[in-house]
Every structure is written in structure tokens, then in C-alpha cells.
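Structure first, commentary second.
Residue numbers (this note's numbering): 1168 to 1293.
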């Protein structure tokens, strides 16, 4: 099956809520076309949705290597890192996203949450 067909099949399964099957098809698409941005983005988003944050970070980082100027990808990396408790790394990714697109709402929102979390952690250590 061609990578595009695997990707589209994955999208259909995802829309039906059949995430395991969607993941298989995204992975199959990437096996034959490792730089297939849409499949990589969809797989990363699915992993984030499933709270598989470390795996999502890995996939989003792979996507950022393909598209280093994509602010949304850097924002998603930051969000996933924040969910794993890596606030400083998350902040760096969110700031990178905002340097690429200062209007990116998700990056602004999560940057605020990360800073608040870091401030609370600092208060607890005092």
C-alpha cells in the first residue's frame, strides 16, 4: 500500500476513534516515507491525545527536523514536554514557537502555564 493510502486510512480510523488502527497505518506510511510530514504530524498528535507524551515529543522533534520553522510543531513539543514535567525544556520550545509566530495562541497559553508552574515549584523550595 502506498504511503498516502496508509496515511488516509489512518485518518479514517482516527476519525472513527479507532486509534490503535490509525497508529498502525501512520507507522506504515512512515516506514516507506520517513519524511511524510502529514503522517508524522498526525501520529504525534495521536500520541499526545493518548497521553503518550514522551513518544509524542520524539515524533514532534522528528517533524521539527523536517520543518524547523514550523511554530506549531515547536509549540506541540513544548506542550508535550510540559506534560512530562520538563518545564524548562517546555519553556524553551514554547519560546522558540513564539519567536517564529508571536500570535500562536497555544504557545502563549502554555507558556503562561509553564511559568506559573515554575513559580509554584520555586515557592515550594523556599
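Each residue gets a CB set at the ideal place from its N, CA and C atoms; glycine is no exception. Remember, it's a predicted structure, so these values are computed and weren't measured experimentally.
Burial state of residue i (16 or more Cβ within 10 Å)
i	result
residue 1194	exposed
residue 1206	buried
residue 1216	exposed
residue 1291	exposed
residue 1171	exposed
Assigned secondary structure, residue i (DSSP; H/G/I helix, E/B strand, else coil)
i	result
residue 1183	coil
residue 1271	coil
residue 1117	Because the chain spans 1168 through 1293 in this model, residue 1117 falls outside it and cannot be assessed.
residue 1133	The question about residue 1133 has no answer, for the chain in this structure spans 1168 to 1293.
residue 1200	coil
residue 1238	helix
residue 1178	helix
residue 1280	helix
residue 1292	coil
residue 1206	helix
residue 1217	coil
residue 1169	coil
Residue j beta carbon less than 8 angstroms from that of residue i
i	j	result
residue 1251	residue 1220	yes
residue 1254	residue 1285	yes
residue 1189	residue 1181	yes
residue 1212	residue 1192	no
Cβ separation of residue i and residue j, assumed to be a contact under 8 angstroms, to the nearest whole Å
i	j	result
residue 1264	residue 1238	5 angstroms
residue 1228	residue 1244	6 angstroms
residue 1232	residue 1204	Contact doesn't hold; Cβ gap of about 11 angstroms is too wide.
residue 1242	residue 1274	4 angstroms
residue 1208	residue 1230	6 angstroms
residue 1277	residue 1267	That belief does not hold up - the Cβ atoms of residue 1277 and residue 1267 are roughly 15 angstroms apart, past 8 angstroms.
residue 1248	residue 1257	4 angstroms
Cβ-heavy atom distance, residue i to the ligand SAM, below 7 angstroms
i	result
residue 1284	Annotation note on the ligand SAM: not contained in the displayed structure, which lists no ligands.
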